[in-house]
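A.B. asks:
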Amino acid sequence: MDFLFTPLGIVVVVLVLALVGTGGALAARSAKAKKQLEASKAKQLEAAAGETGEKEAGSAAAELETEAADQVKEAEVAAEESADTVAEEDAVAEPKAMESESPAAEPSEASAREEELSLAAPEQESSPGALETPEPAQGRMQRLRSRLAKSGSFGKMLLGVLGRGDLSAEDWEEIEDTLLLADLGIAATDELMEELRTQAKVLGTSDPEKIREILRAKLIELVNPDLDRSLHLEQADGSKPGIVLAVGVNGTGKTTTVGKIARILVAENKSVVLGAADTFRAAAADQLETWGNRVGVEVVRSDKEGADPASVAFDAVKYAKDKDLDVVLVDTAGRLQNKAGLMDELGKVKRVIEKSAPVTETLLVLDATTGQNGMQQAKVFSEVVDISGIVLTKLDGTARGGIVVSVQRELSVPVKLVGLGEGPDDLAPFVPEDFVDALLK
-9 MDFLFTPLGI VVVVLVLALV GTGGALAARS AKAKKQLEAS KAKQLEAAAG ETGEKEAGSA
51 AAELETEAAD QVKEAEVAAE ESADTVAEED AVAEPKAMES ESPAAEPSEA SAREEELSLA
111 APEQESSPGA LETPEPAQGR MQRLRSRLAK SGSFGKMLLG VLGRGDLSAE DWEEIEDTLL
171 LADLGIAATD ELMEELRTQA KVLGTSDPEK IREILRAKLI ELVNPDLDRS LHLEQADGSK
231 PGIVLAVGVN GTGKTTTVGK IARILVAENK SVVLGAADTF RAAAADQLET WGNRVGVEVV
291 RSDKEGADPA SVAFDAVKYA KDKDLDVVLV DTAGRLQNKA GLMDELGKVK RVIEKSAPVT
351 ETLLVLDATT GQNGMQQAKV FSEVVDISGI VLTKLDGTAR GGIVVSVQRE LSVPVKLVGL
411 GEGPDDLAPF VPEDFVDALL K
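Our numbering numbers the first residue of the sequence shown as -9 and each following residue consecutively.
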């Protein structure tokens, strides 16, 4: 201890204290440095953690965006699928709705022909109480003029040739050919040619209006306006019923003509019954019954195909007598003029009817487009039954209007009615002056 108080001891103590102070400072510095290092590491760790968090946040955001996009896409796909489903349901629902609104829509292929024959049956079903009323006769006559455009071409050709001035032999030959092609007939053509040559020599051919007047007068004379063209709709003693028998080959429009005549008679306040004596075609009876429904008259028919047509016709007349009706219209089966058995059966129909009452009118229905073949039909039918009148159908579809002249001259039977189309009002009484004017307009 005494050493400590010596000068050397004091020096040693001072050095020791200095060293101790230096070590403490070093320790303090070391601790401070350690703290700073730890703080630095902590900051680095926080920074690293921040970067990681941002990356994770970015990744999470990206994932959210991806999921959102997927959800949007899925929603769009679902919407499209829903729209397709709705469209399909609408596509199915629409025809069903149309079927429910229109119960008599489209016929099947199997019944297409029957629907065609049955005319306006669907319309009748939709409005069974609505009976049709025909157009006045004057309106139907005006239609006659407008519908004879094809037949009128022959009149225009004649006027064109006759108006050339001095006619050569070739011109007269052209006129003759035109008349023959129009089915005027040889006898009528020769008569008209002679008259035209005579008038041309006397009056010349320089005035078209005079030529037209000459041609018109001669054509009217050939058509013979003095023939009785009325329908005989009562017995000779004025009693009822009048009996109208319609005959002709298939395809001439015979059944339709019977229906149209019934339509006109009903509009004239006559009571009518239809006899469906065409028993070989069920569709013919169906067609006639459709016409009966349209105009409000009864139809006598057999439900058995191939039944005796004479029996059906007899029953129709009996029904008319029992009900005190005005007119019986009997539709017969189409006959081929070269089938003797079928023609004999037609004669039987008339004989059976006349056991009850005489037939007052026998109408031969001819297709005007058949030309001279129709003439042959007319001759054969006139030998089996007494033809009293002719109905020329489809006159609007032919340039052979001259058949009116030839068939009348051949049979001495008047054309009483002409068919000008498929419409219910396209049946008109035949008026010679109107017919000729239509040819020459």
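Beta carbons: idealized from backbone N, C-alpha and C, even for Gly.
1. So what does Pro419 bridge to, in DSSP terms?
2. Given a cut-off of 8 angstroms on the beta-carbon distance, is the pair Val342 and Ile233 in contact?
3. Throw me the rounded Cβ distance for the Ala266 and Arg291 pair, which I believe falls under 8 angstroms.
4. Look at the alpha carbon of Pro422 and the alpha carbon of Asn259, and state the distance between them as a whole number of angstroms.
5. Give a single yes or no on whether Asp161 has its beta carbon closer than 7 angstroms to a heavy atom of the ligand PLP.
6. Is the beta carbon of Gly145 less than 8 angstroms from the beta carbon of Leu429?
7. For Thr247, tell me which candidate among Leu152, Asp416, Ser402 and Lys431 has the shortest Cα-Cα distance.
8. Just reading off the alpha helix (DSSP H) that Ala190 is part of, what are its end residues?
9. Just to check my reading of the structure: Gly296 and Phe270 have Cβ atoms closer than 8 angstroms, yes? What is that Cβ distance to the nearest angstrom?
10. Give the single residue among Gly243, Pro215 and Ala177 whose Cα lies nearest to the Cα of Val426.
11. Identify which residue in Leu221, Leu182 and Val213 has its Cα closest to the Cα of Ile204.
12. Per DSSP, what kind of secondary structure is Ala267 in: helix, strand or coil?
13. Report yes if the C-beta distance between Asp268 and Ala303 is below 8 angstroms; otherwise report no.
14. Looking at the unbroken beta strand (DSSP E) that takes in Asp357, where does it start and where does it end?
15. So, at 7 angstroms on beta carbons, what are the nonlocal neighbours of Gln362 in its own chain, with the 5 sequence-adjacent residues on each side left out?
16. Please state whether the Cβ-Cβ distance between Leu235 and Lys345 is less than 8 angstroms.
17. Taking just the CA atoms, how far does Ala273 sit from Glu164?
18. Following the continuous beta strand (DSSP E) through Asp321, name the residue where it begins and the one where it ends.
19. Tell me the residue span of the alpha helix (DSSP H) that contains Leu169.
20. Quick one: any contact between the segment 375 to 395 and the segment 352 to 362, if contact means 3 or more CB pairs under 8 angstroms?
21. Which two residues bound the contiguous alpha helix (DSSP H) that contains Thr247?
22. Label Ala95 either buried or exposed according to how many other C-beta atoms from any shown protein chain fall within 10 Å of its C-beta, with 16 as the threshold for buried.
23. Figure out for me which residue from Leu157, Leu217 and Lys200 has the closest Cα to the Cα of Gln398.
24. Given a threshold of 16 other Cβ atoms within 10 Å of its Cβ, counted over all protein chains shown, does Gln366 qualify as buried or as exposed?
25. Which runs of the beta strand (DSSP E) fall wholly inside the segment 193 to 230 and span at least 3 residues, in chain order?
26. Taking Thr360 as the reference, which of Leu385, Thr350 and Val405 has the closest Cα?
C.D. replies: In brief:
1. Pro419 pairs with Leu407.
2. No, these two residues do not count as a Cβ contact at 8 angstroms.
3. Yes, Ala266 and Arg291 are in contact; Cβ-Cβ is about 4 angstroms, under 8 angstroms.
4. C-alpha of Pro422 to C-alpha of Asn259: approximately 27 angstroms in a straight line.
5. In the structure shown, the ligand PLP is absent, as is every other ligand, since no ligand is present at all.
6. Against a cut-off of 8 angstroms, the Cβ pair of Leu429 and Gly145 comes out as a contact.
7. Sorting Leu152, Asp416, Ser402 and Lys431 by C-alpha distance to the C-alpha of Thr247 places Asp416 at the top.
8. Counting along the chain, the alpha helix (DSSP H) containing Ala190 begins and ends at Ile176 to Leu193.
9. With a Cβ gap of about 6 angstroms, Gly296 and Phe270 count as contacting.
10. Considering only alpha carbons, the answer is Pro215.
11. The shortest C-alpha separation from Ile204 is found at Leu182.
12. Here Ala267 carries a strand assignment [DSSP, helix/strand/coil].
13. No. Outside cutoff.
14. Counting along the chain, the beta strand (DSSP E) containing Asp357 begins and ends at Glu351 to Asp357.
15. Excluding residues within five positions, the ones whose Cβ falls inside 7 angstroms are Asp173.
16. No, they are not a contact pair.
17. Between the alpha carbons of Glu164 and Ala273 lies a gap of roughly 46 angstroms.
18. Annotation for Asp321: the continuous beta strand (DSSP E) segment containing it runs Val317 to Thr322.
19. Counting along the chain, the alpha helix (DSSP H) containing Leu169 begins and ends at Ala159 to Leu171.
20. The segment 375 to 395 makes contact with the segment 352 to 362; the number of CB pairs closer than 8 angstroms reaches 3 or more.
21. Thr247 -> alpha helix (DSSP H) spans Lys244 to Ala257.
22. Note that Ala95 scores a pLDDT of 36, beneath 50, so its modelled location is shaky and nothing firm can be said.
23. Per the Cα distances, Leu217.
24. Using a 10 angstroms sphere on the CB of Gln366, the tally of other CB atoms stays under 16, which defines it as exposed.
25. With a minimum length of 3 residues, no continuous beta strand (DSSP E) run stays inside the segment 193 to 230.
26. Ranking Leu385, Thr350 and Val405 by Cα distance to Thr360 puts Leu385 first.
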